[in-house]
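Numbered by full-length UniProt numbering, the letters in the sequence shown go through residues 1 to 1077 in order. For glycine and all other residues, C-beta sits at the position ideal for the given N, C-alpha and C. To start, the structure itself, in structure tokens.
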Amino acid sequence: MAATVKSYISASSAGQSLSCLSVNVLSPEPRPRLPFTDDGPGKLSISGPRHDNDHEDYRKIKILPTADEILAVYRPTFMPKKDLYTQHFLGNGPGRLLDTLFRQLRYDSIESIRDICYSASQVAFLGTGTAPEDHVVRRETMSGNRYFLYNNIKVEELLSHEQMAMTVRVSYDCPLFMRAQKLYHSGRFQKGMLVALLQLDHATMKLAVYFLEVHQAQSTFSMECFDGRGTRAAVQLSFLPTTTPDDVLQLCRHALGLCGGSELYLIEFPKVLFAGLYNCLRRLQQMRESDFAFKSYVAPDKHPTEAYSAAQLHSIAGIPSQFLCPPPSYALSSEFSYNLTKLVPPTCPIASAPVKELSRPSTLEIFNRETTLDEGQAVAFRDSLLREFACTQGPPGCGKTFLGVQLAKTLLDSRTSQKPILLVCLTNHALDSFLADLRDAGVSNLLRVGSASKEAWTGAINLRNLRRKTRLTKEESQMLHAHDLQKKLLFAELDSLCKALSCQTHTATPPWHYIEDVLRVKYPNIHSQFSTNSRVSLAHSFTFEYWSEGGDLKTIRDLHLELAQRLAQTSNDSAKLTQENVDGTLLDISYHAELQSANAGTSSVWNLPLSERQLMLRRWEAEVDKEKFANKMASLYSQLQGFTDKIKTITDGRDGRVMSSHNIIAMTTTACAARWELLRSLDLEILICEEAAEVMEAHALCTLLPSLQHAIFIGDPQQLRPETNEQNLSLETSIGSDYRLDESLLERMMFPHDRSASIVPSSHLRVQRRMHPEIANITRLTYPYLMDHESTLQRSPTHGLAHRVFWWDHRVPELESDDLKSHANLHEVEMVASLVEYLLRSGAYSQGEIAVLTPYAGQLVKLYGRLATNCNIWLCEKDRKALLSEEALSLGDEGRATKDEVAIVDMLRIATVDNFQGEEAKVIILSTVRSGGNPGFLKTLNRINVACSRARNGFYIVGNSQTLSQVPRWREVINALDGKIGGSITFKASQNAQRFVAWFYPAVTNVRRDVTHLSSIPAYPVKRNVPGSSNRADTDVKNCVFRNVESARLPPAKLPLAADILERASAQETLLNARLS
């Protein structure tokens, strides 16, 4: 019966009127995966709004899902398509682009949140799956989204916080793996991660959801004084910019015990960083159609009929139409010339070149003769100066950053005004690398915005530090002082209420601030007996608390020590606390208490015995209007937030002055979205976006400030695209090809998938300096025009190996998908490990000169576990976070040494292919994993391109060529290897030129091995001689006992002996013959 009732759980309106008559309820059935629909949003839908957050105006949509939206699972989501000739309720132009990008990016960001909240509600309130009381906190939805669900949630207290105004401290039943110190090694409740409180009101059967952010995790030790008994822990949560006053009020009511009929559960979203999803979405909502530059390229207002005709013409002609792209408007002035003296000698005829002169063909000849630019860089450099919207494709190793640095130097010297150049990258790592190159090239006055840099040297150029050296104006100082004073007064009041609430909840005596309003309104005569003229806010509560504990009025003058201790606890500056201050305050308290008591006569509360005082306290406590108290706390929080916003406006003015005084303003795309209003006020004219092909178009749009006259995008659309969470929005799926959220703005401008779109003129770098030509032959499958710089011919061959490029083939099937929902192949792990160990023992390579790549996180875990036994392992931040979030890696797990103890250059890098873009190594070993089935996402051309273009000197593919050859590009790779493929890899001894082979050859048997250790995979050698061989090295070891590989392992620093190698090979050959017989 209960289940039947619970199946009609619906969404709480939480103080707001629903825009539609909601019929969405929580069902025990699995949440269906529905396709997208063209049926419009909100009231434009044939059946009306799907839920209370379904609006035709995307600016009205709440960024985080509402409870009603979470429960709306049986009607498909409206998702606008990207092609200009497809239907949309808005006409083509900026409005449609903003609407499309917002809806797609929001779905990609919050669909997993909706899925998790629905699944968690089913587990918590309908009892589906494992009961939540079983302390099984790690869970997974039917769609594969993982989350953590904690039960028996209690809002313990509200805590004041100077920066965030107020935080919420909740306690929960703590699972065994998180108790005591283990919490801090569990990876749970990381600062900044998104969480949600699910609330079910059993009286109304209404579901409510409150989203918050993790501020601080607290172990079971923190709950000892709250009767935690070692089984309960706590976490402090902070409110979000999206938190409504009603949400704050409801949590205040929880803290006051006003929600006794409600049940709470806590959801932790392990991969969701709120700031990462909020800033761009909020900026898109606040953008007007005129708030970004270059609309004619980015958002053409082409009519759908015209767009359809353009698509048909494109299909017939085979090539798209092209925009005309004039020079930037500032360069069209007759007095303007580009200052090229940082690139060419001052006596060069183009040292100062106006647009017309720069456009001449002879300019390229001068660049090739007088500069270090190669042919492709010279063309791209010139074109980037001559086009207001410049796009450059840079294949791997072609010097994209070098080009960006040269452009930045020239543009800085050529500015008609001293406005800074905006430099934007997707990641902090790429941004720091670009800044380092600018610094090394002599560019000064750099500014780094954002606090996530891992490079110590950037601290000196960080806005956070530089703003301290910049004074506010007199007017700003006065306004700041006034706002700060008001904020401090409000904070002091909120702080006293928070402490009063906490004291009332966890002690037997109600505090002064909890019952003060009752006394002031209902018992003014009693209230006056605790009053004082002291300016110290503690005075009232000190008198009241002394009275409530049975204190005598005659001895109040003797409480010097007690008052000093209390003042020290509450004072922000204990250095100002003197004996004189204590004595003066105590004198004032005692004087007014005695005076008011005398005026009260026989009704003086000081004449009452302790028992009667306690009865009065209980009566006053019962008369407290808790609803009023909760509203007061919520109101104070809102007022504090208002003053915080006013103070930020003032400090932003100072930040703007700091920014405008620099040459380069460097920030990530996320920081750009967060500080968009401040950047707009600077009227910046020039933008350089590096690695632009990795930037989602929604983020790129936030960089196109309306004042821009010149935008330069540098990247490679044929390498990895922007990352998406939802595959049905990705170009890698047939469904996602209509939506293409992972199509960067650079790709759409250069290689549009929309057949009706025009392209912008673009440049292509064509000389690579990374790979030896033999390795670059693979890359030329993607870039037929790619040329090799002469320096690449000097790349030394791989030490100890016969070939610098080789495919080590096998036929051992992969494992089934593991807990990471990924793939692994233990056989390849051992193949890779043997190759790595051999290369390191040769002494020719340090660990930092070798990198192991794999497409799959599951394989990364296996490689990490295997290689960490002998090597110091470096994981990039993205890979490490991904493994931590899936509990595949512990926080302290860093191999044999920590990163602080070993320099990165001395650590073996292992990484997923997606997170190694932009990196390189002398030797790359690629473990492809897939074997015996389909090639998975290894069919993606961009991923293949990145995987095969990281190596400088040697490149080795480990994988099943039969499986991967299902993909045409992998067949082309195999052909490009020109026969360098096989089940054995030939090693070359450095001293005696003897050759030996370590051969992992599973194809001789159909028996599948469960490989967990190197010694359980024999390394089968190729026969060097016929059975009657006269080779003594062969015959002498024919009958030797097979040695365990682990026991034969040499120390890393010691070179292997040829005799040992041959002995091992022959012994393993003997074992093979015995097994085959």
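Among 165, 171, 541, 842, the one whose alpha carbon lies nearest that of residue 150: Out of 165, 171, 541, 842, 171 has the C-alpha closest to the C-alpha of residue 150.
Cβ-Cβ distance between residue 788 and residue 983 below 8 Å: no
Just verifying my parser: in three-state terms, what is the DSSP assignment at residue 9? For residue 9, the three-state secondary structure derived from DSSP is coil.
Please report how far the alpha carbon of residue 524 lies from the alpha carbon of residue 516, in whole angstroms. 10 Å
Decide if the region 277–294 is in contact with the region 69–85; the criterion is three or more beta carbon pairs, one per stretch, under 8 Å apart. no
Nearest-angstrom Cβ-Cβ length linking residue 812 and residue 931, presumed shorter than 8 Å: 6 Å
Exposed or buried, residue 219, counting other C-beta atoms within 10 Å across all chains shown (16 or more means buried)? buried
Measuring straight from C-alpha to C-alpha, what distance separates residue 850 and residue 988? 18 Å
Specify the secondary structure class of residue 922 as computed by DSSP and reduced to three states. strand
Any heavy atom of the ligand ZN closer than 7 Å to the Cβ of residue 314? Summarising the ligand content, the structure contains no ligands, and the ligand ZN is consequently not present.
What is the rounded straight-line gap between the Cα of residue 136 and the Cα of residue 180? Cα-Cα distance, rounded: 18 Å.
Please tell me whether residue 1094 and residue 367 are closer than 8 Å, where the distance is taken between their beta carbons. Summary: the structure shown does not reach residue 1094, with the chain confined to residues 1 through 1077, and so no result is reported for it.
When the Cα atoms are used, what is the spatial distance from residue 912 to residue 318? 36 Å
Quick one: Cα of residue 87 to Cα of residue 53, how far? 22 Å
Counting only the same chain and skipping the five closest in sequence on each side, list residues whose C-beta sits under 7 Å from that of residue 553. 593, 594, 597, 606
Would you call residue 104 buried or exposed, if buried means 16 or more other Cβ atoms sit within 10 Å of its Cβ? It is buried - the Cβ of residue 104 has at least 16 other Cβ atoms within 10 Å.
For residue 195 and residue 267, which I take to be in contact (beta-carbon distance under 8 Å), what is that distance rounded to the nearest angstrom? 6 Å
Work out the CA separation of residue 868 and residue 858 for me, nearest whole Å. Taking the straight line joining both Cα atoms gives about 16 Å.
Near residue 951, what residues of its chain come up, given a Cβ to Cβ distance below 6 Å and the 5 sequence neighbours on each side ignored? Taking residue 951 as the centre and dropping the five residues before and after it, the same chain places the C-beta of 775, 924 closer than 6 Å to its C-beta, in chain order.
Classify residue 717: buried if its beta carbon has 16 or more other beta carbons within 10 angstroms, exposed otherwise. buried
On the criterion of 16 or more Cβ atoms from any shown chain inside 10 Å, does residue 645 qualify as buried, or is it exposed? exposed
Return the Cβ separation of residue 941 and residue 807 in integer angstroms, given the expectation that the two are a contact with Cβ distance under 8 Å. The Cβ separation is near 18 Å, so there is no contact.
With DSSP collapsed to three states, give me the class of residue 832. For residue 832, the three-state secondary structure derived from DSSP is helix.
Given that a residue counts as buried once 16 or more other Cβ atoms are within 10 Å of its Cβ, and exposed if not, what is residue 862? buried
Whole-Å CB distance - residue 346 paired with residue 386, under 8 Å assumed: The Cβ separation is near 22 Å, so there is no contact.
Residue environment, residue 1080, which counts as buried when at least 16 other CB atoms sit within 10 Å: Outside the displayed span of the chain (1 to 1077) sits residue 1080, for which this structure offers no information.
Can you tell me which of the three DSSP states residue 800 falls into? coil
Spell out a yes or no on whether the region 619–635 and the region 498–510 are touching, meaning 3 or more CB-CB pairs, one atom from each, closer than 8 Å. Judged by Cβ distances under 8 Å, the region 619–635 makes contact with the region 498–510, as three or more pairs qualify.
Quick one: residues in its chain with C-beta nearer than 8 Å to the C-beta of residue 608, no 5 flanking neighbours on either side, listed in chain order? 616
How is the beta strand (DSSP E) around residue 173 delimited, first residue to last? 165–173
Please report the residue range of the beta strand (DSSP E) in which residue 391 lies. 389–393
With DSSP collapsed to three states, give me the class of residue 756. coil
If you measure between the beta carbons of residue 261 and residue 203, is that distance less than 8 Å? Contact flag set, yes.
Counting only runs of 4+ residues fully inside the region 644–711, write out the alpha helix (DSSP H) ranges in chain order. 669–674, 676–680, 697–703
Starting from residue 353, follow its DSSP beta bridges and name the residues at the other end. 338
For residue 161, the first and last residue of its enclosing beta strand (DSSP E): 154–161
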